[in-house]
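So the sequence lines, in the order shown, correspond to chains A and B.
So the numbering used here is basically just the index in the first sequence, starting at one, shifted up by 32.
So the numbering used here is basically just the index in the second sequence, starting at one, shifted up by 32.
Number of protein chains: 2
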Amino acid sequence: MSKGIKILVTNDDGFHAPGIQALTEVARQFGEVIKIAPDKPQSGMGHAITINSTLRIEKMSNADGYEAYQCTGTPVDCVKIALDVIMDEAPDLIVSGINHGSNASVNVIYSGTMSAALEGYIEGVPSIGFSLLDHSVDADFTAAKHFVHQVIEMVLSKEKLNFCLNVNIPNQPLDTIKGLKFCRQAHAKWQEEFDQRKDPSGRPYYWLTGHFVPFEEHEEDTDLYALQNGYVSIVPVNHDLTHFKTLDVLKGWME
Amino acid sequence: MSKGIKILVTNDDGFHAPGIQALTEVARQFGEVIKIAPDKPQSGMGHAITINSTLRIEKMSNADGYEAYQCTGTPVDCVKIALDVIMDEAPDLIVSGINHGSNASVNVIYSGTMSAALEGYIEGVPSIGFSLLDHSVDADFTAAKHFVHQVIEMVLSKEKLNFCLNVNIPNQPLDTIKGLKFCRQAHAKWQEEFDQRKDPSGRPYYWLTGHFVPFEEHEEDTDLYALQNGYVSIVPVNHDLTHFKTLDVLKGWME
Numbered sequence: 033m034s035k036g037i038k039i040l041v042t043n044d045d046g047f048h049a050p051g052i053q054a055l056t057e058v059a060r061q062f063g064e065v066i067k068i069a070p071d072k073p074q075s076g077m078g079h080a081i082t083i084n085s086t087l088r089i090e091k092m093s094n095a096d097g098y099e100a101y102q103c104t105g106t107p108v109d110c111v112k113i114a115l116d117v118i119m120d121e122a123p124d125l126i127v128s129g130i131n132h133g134s135n136a137s138v139n140v141i142y143s144g145t146m147s148a149a150l151e152g153y154i155e156g157v158p159s160i161g162f163s164l165l166d167h168s169v170d171a172d173f174t175a176a177k178h179f180v181h182q183v184i185e186m187v188l189s190k191e192k193l194n195f196c197l198n199v200n201i202p203n204q205p206l207d208t209i210k211g212l213k214f215c216r217q218a219h220a221k222w223q224e225e226f227d228q229r230k231d232p233s234g235r236p237y238y239w240l241t242g243h244f245v246p247f248e249e250h251e252e253d254t255d256l257y258a259l260q261n262g263y264v265s266i267v268p269v270n271h272d273l274t275h276f277k278t279l280d281v282l283k284g285w286m287e
Numbered sequence: 033m034s035k036g037i038k039i040l041v042t043n044d045d046g047f048h049a050p051g052i053q054a055l056t057e058v059a060r061q062f063g064e065v066i067k068i069a070p071d072k073p074q075s076g077m078g079h080a081i082t083i084n085s086t087l088r089i090e091k092m093s094n095a096d097g098y099e100a101y102q103c104t105g106t107p108v109d110c111v112k113i114a115l116d117v118i119m120d121e122a123p124d125l126i127v128s129g130i131n132h133g134s135n136a137s138v139n140v141i142y143s144g145t146m147s148a149a150l151e152g153y154i155e156g157v158p159s160i161g162f163s164l165l166d167h168s169v170d171a172d173f174t175a176a177k178h179f180v181h182q183v184i185e186m187v188l189s190k191e192k193l194n195f196c197l198n199v200n201i202p203n204q205p206l207d208t209i210k211g212l213k214f215c216r217q218a219h220a221k222w223q224e225e226f227d228q229r230k231d232p233s234g235r236p237y238y239w240l241t242g243h244f245v246p247f248e249e250h251e252e253d254t255d256l257y258a259l260q261n262g263y264v265s266i267v268p269v270n271h272d273l274t275h276f277k278t279l280d281v282l283k284g285w286m287e
């Protein structure tokens, strides 16, 4: 591993989340780390950017002496401002997470963690989002850190390739996880169940809740199948959203 | 056109934007319209959803007597709450826009207009996002309305198909636009140029600005090429982000 490797570390759970501390610890084993994260939780922010208001960044001190910032914006803002304002040259790798909760399947669309990684990929920097299938603040990142290390080591050892990887890690003890599996994104949706309440004046308001409806959990090449069977799932993600199969159908309409 | 057709109309520029008024006028020619839009501009919100705070919806009156609501959330929230709370059954079609400004190429990723349409598609409802290549509030929607009508008429006349379409309309007089063209998304990126300023206390803050860098504007099958050559571009959009070409390369790593 070259000492010259530079890694940008970000997330969507916020600067002080345990998941990004775990990720930073692992990333520092590979080279110089620059950390930038939102100053508050930004889960579910998708690919949002801040265009109607301003951004601030604040340099944060830490005992280990690496460069660290918190930013008032979204996860995608963090990546943009790091690349344009903070860093003189692009990093070799961007890592995002470790997210507290799954970003497998359709969750990738809503995820600030994965949108930060996707933004890095759009900017031409290989990027990886890591997520642990445990929502809790006091999640145990022991097994996750092992596989984060394994994935970063693998990508740095291969020929240079631009990619965005969505890595999800099952919430189970390290010795029961069977290894890494490259997969496609399983089709699924969230079925909304808005929780309607009344405020003290009697006016209604809503909390967004819902349950996850998988359509392809039994398809062996999907991320959901891999996770249910004790593997770490790795899905390469694209910023080209063209639905080529539908495009063929539509072109037929014109004939 | 059956009288029974129900169309949900939404946008990201907000309830009072001229673009959604134009879209609503056209949609009402095809059937019953329900309008729900954010109570403030939500451009650049991507696929953000509101999970850390609450949502409110407010019924809005209008001279034409169709059902209309504004919502405190994001464009994706609007679609979710319309489908789960407001409507008894799913609409036949969701239309989003008409956006003030282009959502062609990589803009689709950042666009609240297109994320609302994509959410509809994930929920199983055929959905179309419309955008006019003019950012201004007083944009002229005359030509846009013509093509919105043409596209809605076309999709309602075909066999039922689930899709999400990203429709962009050149900002030029109706009689100079050559027609509709089905395309793929051109690769491009935004090159950030953060505008750094000082507040009255001398502390720095930033505005996100940038310029658009097209990589494929000369590729004839792309949306950027179509638009530059006077066509309305139509790109079918997918919520499966799997990068299958990269997946093949990665699987090779394991051999």
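Built from N, CA and C at the ideal position, the CB exists for glycine as well.
Candidates the options: closest to residue i by CA position
{"i": "residue 74 of chain B", "options": "B:254, B:142, B:66, B:228", "result": "B:142"}
{"i": "residue 183 of chain B", "options": "A:282, A:179, A:250, A:83", "result": "A:282"}
{"i": "residue 241 of chain A", "options": "A:225, A:85, A:131", "result": "A:225"}
{"i": "residue 279 of chain B", "options": "A:270, A:103, A:278", "result": "A:270"}
{"i": "residue 144 of chain B", "options": "B:89, B:123, B:127", "result": "B:127"}
{"i": "residue 119 of chain A", "options": "A:47, A:130, A:100", "result": "A:100"}
{"i": "residue 43 of chain A", "options": "A:117, A:88, A:147, A:124", "result": "A:147"}
{"i": "residue 191 of chain B", "options": "A:59, A:58, A:284, A:68", "result": "A:284"}
{"i": "residue 71 of chain A", "options": "A:83, A:262, A:104", "result": "A:104"}
{"i": "residue 267 of chain B", "options": "B:237, B:229, B:159, B:239", "result": "B:159"}
{"i": "residue 258 of chain B", "options": "B:238, B:232, B:193, B:165", "result": "B:165"}
{"i": "residue 264 of chain A", "options": "A:238, A:180, A:227, A:275", "result": "A:180"}
{"i": "residue 157 of chain A", "options": "A:175, A:213, A:274, A:114", "result": "A:114"}
{"i": "residue 205 of chain A", "options": "A:176, A:116, A:55", "result": "A:176"}
{"i": "residue 277 of chain A", "options": "B:260, B:262, B:130, B:194", "result": "B:194"}
{"i": "residue 116 of chain A", "options": "B:261, B:78, B:129, B:227", "result": "B:227"}
{"i": "residue 67 of chain B", "options": "B:78, B:125, B:234", "result": "B:125"}
C-alpha gap between residue i and residue j, whole angstroms
{"i": "residue 189 of chain A", "j": "residue 53 of chain B", "result": "55 angstroms"}
{"i": "residue 170 of chain B", "j": "residue 107 of chain B", "result": "22 angstroms"}
{"i": "residue 90 of chain B", "j": "residue 110 of chain B", "result": "12 angstroms"}
{"i": "residue 178 of chain B", "j": "residue 92 of chain B", "result": "27 angstroms"}
{"i": "residue 173 of chain B", "j": "residue 203 of chain B", "result": "9 angstroms"}
{"i": "residue 86 of chain A", "j": "residue 97 of chain A", "result": "28 angstroms"}
{"i": "residue 196 of chain A", "j": "residue 152 of chain A", "result": "8 angstroms"}
{"i": "residue 88 of chain B", "j": "residue 211 of chain A", "result": "45 angstroms"}
{"i": "residue 273 of chain B", "j": "residue 275 of chain A", "result": "10 angstroms"}
{"i": "residue 59 of chain A", "j": "residue 121 of chain A", "result": "18 angstroms"}
{"i": "residue 76 of chain B", "j": "residue 207 of chain A", "result": "43 angstroms"}
{"i": "residue 65 of chain A", "j": "residue 154 of chain A", "result": "21 angstroms"}
{"i": "residue 287 of chain A", "j": "residue 250 of chain A", "result": "38 angstroms"}
{"i": "residue 232 of chain B", "j": "residue 49 of chain B", "result": "33 angstroms"}
{"i": "residue 130 of chain B", "j": "residue 149 of chain B", "result": "12 angstroms"}
{"i": "residue 83 of chain B", "j": "residue 78 of chain A", "result": "12 angstroms"}
{"i": "residue 209 of chain A", "j": "residue 123 of chain B", "result": "44 angstroms"}
{"i": "residue 102 of chain B", "j": "residue 69 of chain B", "result": "5 angstroms"}
{"i": "residue 260 of chain A", "j": "residue 112 of chain A", "result": "35 angstroms"}
Those residues which DSSP pairs with residue i across a bridge
{"i": "residue 226 of chain B", "result": "Answer is none; residue 226 of chain B lacks a bridge partner."}
{"i": "residue 196 of chain A", "result": "A:159"}
{"i": "residue 264 of chain B", "result": "B:212"}
{"i": "residue 273 of chain A", "result": "Paired residues: none, contrary to the question."}
{"i": "residue 127 of chain A", "result": "A:41, A:160"}
{"i": "residue 48 of chain B", "result": "DSSP, once it has assigned bridges, lists no residue as partnering residue 48 of chain B."}
Residues near residue i in its chain [Cβ-Cβ closer than 7 angstroms; skip 5 each side]
{"i": "residue 246 of chain A", "result": "137, 218, 220, 256"}
{"i": "residue 62 of chain B", "result": "33, 37, 39, 184, 188"}
{"i": "residue 135 of chain A", "result": "143, 145, 146, 161, 163, 198, 200"}
{"i": "residue 140 of chain B", "result": "146, 198, 217, 269"}
Same chain, Cβ closer than 6 angstroms to residue i, neighbours up to 5 away in sequence not counted
{"i": "residue 80 of chain A", "result": "106"}
{"i": "residue 45 of chain B", "result": "51, 73, 132"}
{"i": "residue 243 of chain A", "result": "223"}
{"i": "residue 248 of chain A", "result": "218, 219, 254"}
{"i": "residue 94 of chain A", "result": "100"}
{"i": "residue 186 of chain B", "result": "none"}
{"i": "residue 167 of chain B", "result": "132, 133"}
Same chain, Cβ closer than 8 angstroms to residue i, neighbours up to 5 away in sequence not counted
{"i": "residue 253 of chain A", "result": "215, 216"}
{"i": "residue 229 of chain A", "result": "236, 237, 238, 239"}
{"i": "residue 213 of chain B", "result": "258, 263, 264, 265, 266"}
{"i": "residue 56 of chain B", "result": "41, 65, 67, 98"}
Entirely enclosed alpha helix (DSSP H) segments - the stretch 199 to 261 of chain B, minimum 4 residues: 255 to 260
Every unbroken alpha helix (DSSP H) inside the stretch 164 to 189 of chain B [4 residues or more]: 174 to 189
Every unbroken alpha helix (DSSP H) within the stretch 64 to 117 of chain B, with a cutoff of 4 residues, ordered by chain: 107 to 113
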